[in-house]
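S.K.:
Residue numbers (UniProt numbering): 1 to 620.
(1) Pick out whichever of 448, 304, 420 has its Cα sitting closest to the Cα of residue 367.
(2) Contact defined as beta carbons within less than 8 angstroms: I believe residue 404 pairs with residue 493. What is the distance between those atoms, to the nearest angstrom?
(3) Cβ of residue 281 within 8 angstroms of Cβ of residue 258?
(4) Considering just the uninterrupted stretch of the alpha helix (DSSP H) at residue 269, what are its terminal residues?
(5) On the three-state DSSP scale, how would you describe residue 476?
(6) Go ahead and pull the three-state DSSP assignment for residue 498.
(7) How would you call residue 527, buried or exposed, if buried means at least 16 neighbouring beta carbons within 10 angstroms?
(8) Would you call the segment 349-358 in contact with the segment 243-250, where contact means no fewer than 3 C-beta pairs closer than 8 angstroms?
(9) Inspect the beta-carbon positions of residue 203 and residue 482 and report whether they are closer than 8 angstroms.
(10) What residues match up with residue 518 in a beta bridge as DSSP calls it?
(11) Applying the 10 Å Cβ sphere with the 16-neighbour rule, what's the burial state of residue 222?
(12) By Cβ distance, which residues of its chain are closer than 6 angstroms to residue 306, with the 5 residues on each side in sequence left out?
(13) First and last residue of the alpha helix (DSSP H) that includes residue 537?
(14) Any idea what DSSP makes of residue 137, helix, strand or coil?
(15) Please identify the residue among 37, 298, 271, 212 whose C-alpha is closest to the C-alpha of residue 622.
(16) Whose C-alpha, out of 572, 419, 294, is nearest the C-alpha of residue 375?
(17) Tell me the DSSP secondary structure of residue 512 in three-state form.
(18) By the 10 Å Cβ neighbour count, where 16 or more other Cβ atoms means buried, how is residue 652 classified, buried or exposed?
(19) Can you give me the Cβ contacts of residue 458 inside the same chain, cut-off strictly under 6 angstroms, excluding the 5 residues immediately before and after it?
(20) Count Cβ pairs between the segment 109-117 and the segment 140-147 that sit closer than 8 angstroms; are there 3 or more?
(21) Give the straight-line distance between the Cα atoms of residue 386 and residue 397, rounded to the nearest whole angstrom.
(22) Select from 611, 186, 610 the residue whose C-alpha is nearest the C-alpha of residue 154.
(23) Does the structure place the segment 312-324 close enough to the segment 582-595 that three or more beta carbon pairs sit under 8 angstroms?
(24) Please work out which residues of its chain come closer than 7 angstroms, Cβ to Cβ, to residue 537, disregarding the five sequence neighbours upstream and downstream, and give them in chain order.
(25) Sort 450, 193, 159, 231 by Cα distance to residue 130 and report the nearest one.
(26) Using the rule of at least 16 other Cβ atoms within 10 Å of the residue's Cβ for burial, across every protein chain shown, is residue 152 buried or exposed?
(27) According to DSSP, what are the bridge partners of residue 281?
(28) Going by beta carbon distance, what residues of the same chain come within less than 8 angstroms of residue 475, once the five residues before and after it are set aside?
(29) What is the DSSP secondary structure of residue 177, reduced to helix, strand or coil?
(30) Do you know how far the Cα of residue 141 is from the Cα of residue 389?
(31) By how many angstroms is the C-alpha of residue 618 removed from the C-alpha of residue 462?
(32) Give me whichever residues DSSP pairs with residue 193 in a beta bridge.
(33) Using only alpha-carbon positions, find the residue among 189, 89, 284 that is nearest to residue 431.
(34) List the DSSP bridge partners of residue 415.
(35) Run through DSSP, which three-state label would residue 214 get?
(36) Going by CA-CA distance only, name the one from 557, 359, 571, 22 that's closest to residue 209.
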């Protein structure tokens with residue numbers, strides 16, 4: 001007879017999660033490293049009670065952290081997962097109603113960025129004994145609909161546990177997706193509040209220590225042969241390194257392959273640092289936020305080798321950048337490998353690079369020497385451009401980034417939205433992918449501080465520098481209080497330019513006159529063009545428990561950052577930036593412009609748009 005333990009569904013869930021591990025290359029990692037939660041009536045008596053009951057003597061307790069916003073705690077889990085190489089993550093629990101729907105944005109961010117996070121929202125009564133309950137969405141089409149159904153399209157696995165007997169299978173399915181590099185993303189287990197508290201006799205084997213092997217799929221021999229043949233026919237190849245290079249821990253293999261075969265390497269936002277910025281084959285950022293070096297090579301390449309990239313429109317410059325190239329895509333996910341009618345090599349990046357390199361034996365294939373030399377010249381010229389943009393006596397945004405890059409050597413920079421991701425992509429000098437953490441799959445304003453908290457929890461040995469604009473800060477700054485509560489030290493560089501600078505420039509370029517992009521009072525003419533708002537962001541940060549320093553020029557910024565690094569406490573360095581020279585986009589981005597308009601600015605923008613559209617191709 002099987003031994004059993006009588007626990008509630010929530011108690012069984014917590015005990016199970018605490019015993020899950022991942023393993024890759026013989027190294028084990030705790031899969032669910034902790035649980036962030038905000039409690040309401042939909043989860044306090046279930047998951048909340050289960051976390052409280054663990055006690056100090058519990059075997060493998062699941063650490064609990066208090067967040068301030070449900071969206072933010074999912075961002076924290078995503079930041080943790082990325083910094084952990086997708087081998088470990090956090091669980092997030094919230095109540096029904098707004099506690100659940102607040103998670104939707106975070107779930108979308110995780111799924112788009114291929115990051116594992118586990119969501120445990122409360123749900124309605126499975127018995128419907130008290131319907132309608134507080135915060136219930138009543139849908140006249142079905143009594144089985146709740147707000148948690150909003151999480152279905154943004155989750156890679158979604159299930160509702162209506163009976164205790166359903167929990168084991170759902171848990172196994174959830175863990176499978178969390179640990180599968182090709183399938184991973186947000187995983188949602190909706191937990192009806194009455195079921196959470198229901199007791200059941202669970203088999204003891206459910207709580208045995210379980211290790212999930214994270215596979216390294218190897219290339220199919222026939223696919224490898226096709227890839228080798230494609231490479232042999234190329235004279236001007238270009239590698240695009242995506243996030244999959246870092247997740248596969250394939251940076252050394254990428255460097256070896258590029259060096260032996262003379263192939264220049266460009267990098268996406270997620271792939272930045274795959275090669276050190278000063279590596280002979282590194283040509284920098286690719287796409288709409290790319291360097292002149294990488295984008296010039298992209299236009300001339302005859303073969304693009306995408307490694308671990310999902311080819312966003314920023315990477316391809318909305319399909320205008322790669323004008324002559326065929327594609328060879330190396331990706332653990334067939335969905336991404338198939339993009340742009342590519343030759344597909346579905347495999348782990350490290351295994352694929354090793355196999356490709358071995359297939360050429362004593363290097364019987366290299367890129368054209370003139371191509372390799374040209375790439376090196378273009379890259380060197382761009383490094384000189386970086387120095388030019390980052391020098392100056394005023395605090396322009398590139399100057400701020402330059403000073404921070406000097407101070408942050410070995411640390412991690414975290415950013416997500418606005419004009420800074422573009423400047424960072426072009427100007428930041430990263431030596432490894434763990435030093436650069438820009439969330440640009442969803443480009444979610446408000447990610448920065450919460451995501452930085454997750455990065456620091458995953459890598460406590462590293463300094464974490466959160467770079468956040470005033471727009472993002474005003475959307476979601478409250479996790480400063482969480483960092484202070486937990487004693488997790490962040491260095492937050494708060495850049496104030498009085499509004500949405502990035503979208504303001506875009507608005508002007510499409511003939512929308514920068515409407516709604518500046519933080520100003522309503523003026524006499526009825527527009528938001530009056531005096532600056534008297535918002536004191538530095539005082540706000542101090543009110544949340546952070547130490548605050550102010551910088552007014554490059555010297556005081558360098559001193560403030562040094563003081564922040566030396567401090568054991570979360571410190572906000574407040575900087576008001578001034579307009580100044582910054583690298584402009586040399587590759588296009590498709591943002592449709594009004595086809596008819598009474599504004600001359602919009603008509604001129606439409607003419608430019610139609611001209612740019614002519615370079616767009618389907619990549620077939």
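Ideal Cβ placement from N, Cα and C applies to all residues, glycine included.
M.R.: Answer, in terms of the structure:
(1) Closest option to residue 367, Cα to Cα, is 304.
(2) 6 angstroms
(3) With contacts defined by Cβ atoms closer than 8 angstroms, residue 281 and residue 258 form a contacting pair.
(4) No alpha helix (DSSP H) contains residue 269, which DSSP labels as neither H nor E.
(5) coil
(6) coil
(7) exposed
(8) yes
(9) no
(10) Among the bridge pairs identified by DSSP, residue 518 is matched with 499.
(11) exposed
(12) Counting only Cβ-Cβ distances below 6 angstroms, and skipping sequence neighbours, we find 240, 329.
(13) It spans 537-543 - the alpha helix (DSSP H) in which residue 537 sits, taken as one unbroken run.
(14) coil
(15) Because the chain here runs from 1 to 620, residue 622 falls outside it and cannot be looked at.
(16) 294
(17) Residue 512 falls in the coil class under three-state DSSP.
(18) Residue 652 lies beyond the range of the chain shown here (1 to 620); nothing can be said about it.
(19) 80, 83, 84
(20) no
(21) Spanning the two alpha carbons is a distance of roughly 13 angstroms.
(22) 186
(23) Segments in contact, yes.
(24) 470, 473, 494, 496, 574
(25) 193
(26) exposed
(27) Looking at the DSSP assignment, residue 281 forms no beta bridge with any residue, so it has no partner.
(28) Only residues of its own chain outside the window of five on either side were considered, and among them 445, 446 have a CB closer than 8 angstroms to the CB of residue 475, listed in chain order.
(29) helix
(30) 59 angstroms
(31) Rounded to whole angstroms, residue 462 to residue 618 spans 43 angstroms at the Cα level.
(32) In DSSP, residue 193 forms no bridge with anything.
(33) 284
(34) 438
(35) coil
(36) Looking at the Cα atoms, 22 is the closest of the given residues.
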